[in-house]
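Letter by letter, the sequence shown follows residues -22 to -1, 1 to 268 of mature numbering (1 follows the signal peptide of the UniProt record, and there is no 0). A quick write-up on the structure given underneath.
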Amino acid sequence: MQFKTNTLGALALLCLSLTSQAEILPEAEVGIKIPLVKKPTTRPMTAAYLPSNQHYYIADGGLAPLGTEFEAPISKSEVHAYTASGQYVNSARPGFDNRSLYYNANSGKLETITYNISTAAGFSPNTGIFGLEVNEKGEVLTSSSDISQFNPAFGDAGTMPSYDPASQIYYAKQEHGNLVFVVDNKQREKLKQIALDFSKAQVAHDDVSDHFVGFTGVAGNELALLDVDHKAVLIFDLAGQYIGKSALPKSMKLRSHNHYNGTGYSNGMLFVYHENEGEFGTYYGFKVVK
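Right under this line is the structure:
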């Protein structure tokens, strides 16, 4: 019993120590660079890391064409696999207009959230949350599995929700403003909403990423928002209070794609798409919270 008590005490002290040591990096540090080796099928949308095979996956996003008697209304967007060192593996077309891509530690799967998850823009096929299949080589496949259908709790049609596997909830930023909806996908209404303190952060809604806020998993520094105009990552807590910022390189071009997409948070890094580096652009993974 004494050993168990001492062990629990040591773990508690370790947790407190880790929490107290969490800090925002004044200058974001590059964790990985992934130059795209093929042109995005639609537009570069988001990126995620799968720890089970140590591969990165980059998802394009774009609406499906109208269906005809010869072709089903399935999105042409592909998902691309890369190794931990950024080497290209393969691409596949599961058929989704991807908005969020993330690793779900509870299911052990790579999952995608589609455009219009809330059906705010009207119902369309292949809308919801889906599990993407990969093989033992880390290659992404065309096959997938259904996880859930549309849910109005997510709000805006274009939202790119982030997932917290510990609490099994999503954080869905709403466009043209500072609101983030907190969503339990088992419920049809949002749990609550977080108002990010843009005043203290000294930004306006059109300065920042319109649809995406990353969940860091770091206590007190949970939400990471890309400030496009000032080339920085803004950090907020779960009450919406502004905590600080991490500066991005001033040479990065963010305006054209990254204002609305080209972002993600995975493997402890905020991903940013740098359009004018390389033939087809380059994804940067930045460490912003230590």
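Even glycine gets a Cβ: it sits at the ideal position worked out from N, Cα and C.
Work out the CA separation of residue j and residue i for me, nearest whole Å.
i: ARG166; j: SER229; result: 43 Å
i: LEU(-12); j: PRO143; result: Bear in mind that the predicted position of LEU(-12) carries a pLDDT of just 47, short of 50, making it too unreliable to give a figure here.
i: VAL26; j: LYS178; result: First, the residue type needs correcting, since residue 26 is Ala and not Val in the sequence shown. So the alpha carbons of these two residues sit roughly 30 Å apart.
i: ALA37; j: SER55; result: 7 Å
i: THR90; j: GLU1; result: 30 Å
i: ALA182; j: TYR149; result: 20 Å
i: GLY240; j: LYS168; result: 25 Å
i: LYS265; j: THR97; result: 34 Å
i: VAL267; j: ASP205; result: 15 Å
Is it buried or exposed, residue i, if we count other Cβ atoms within 10 angstroms and call 16 or more buried?
i: PHE176; result: buried
i: VAL8; result: exposed
i: TYR251; result: buried
i: PHE108; result: buried
Would you list the one or two residues that DSSP bridges to residue i?
i: LEU79; result: THR90
i: PRO22; result: ASP38
i: ASP124; result: PHE108
Between which two residues does the beta strand (DSSP E) holding residue i run?
i: SER85; result: Run containing SER85: none; DSSP gives neither H nor E here.
i: LYS11; result: 2 to 13
i: THR264; result: It should be noted that the sequence gives Phe, not Thr, for residue 264. Where PHE264 is concerned, the enclosing beta strand (DSSP E) stretches over 260 to 267.
i: ASP188; result: Counting along the chain, ASP188 falls outside any beta strand (DSSP E), and DSSP gives it neither H nor E.
i: ILE107; result: 107 to 112
i: ILE52; result: From DSSP, ILE52 is part of no beta strand (DSSP E); its letter is neither H nor E.
i: LYS223; result: 220 to 225
i: ASN68; result: 66 to 70
i: ASP142; result: 140 to 142
Which residue comes first and which comes last in the alpha helix (DSSP H) that contains residue i?
i: residue 271; result: In the structure as shown, the chain starts at -22 and stops at 268, and residue 271 therefore has no counterpart that could be examined.
i: SER234; result: 233 to 236
Mind checking if residue i is an interface residue toward chain B, Cβ cutoff 9 Å exclusive?
i: SER187; result: Within the model displayed, chain B is absent; a lone protein chain is all it includes.
Legend entry - the stretch 112 to 119 contacting the stretch 147 to 161, beta-carbon criterion three pairs below 8 Å: no
Legend entry - the stretch 78 to 96 / the stretch 58 to 67 touching (three or more Cβ pairs under 8 Å): no
Inset, instruction - Count the C-beta pairs between the stretch 63 to 72 and the stretch 231 to 239 that are closer than 8 Å, then say yes if the count reaches three, no if not. - result: no
Inset, instruction - Check whether the stretch 239 to 259 touches the stretch 4 to 23, counting contact only when three or more Cβ pairs, one atom from each stretch, lie closer than 8 Å. - result: yes
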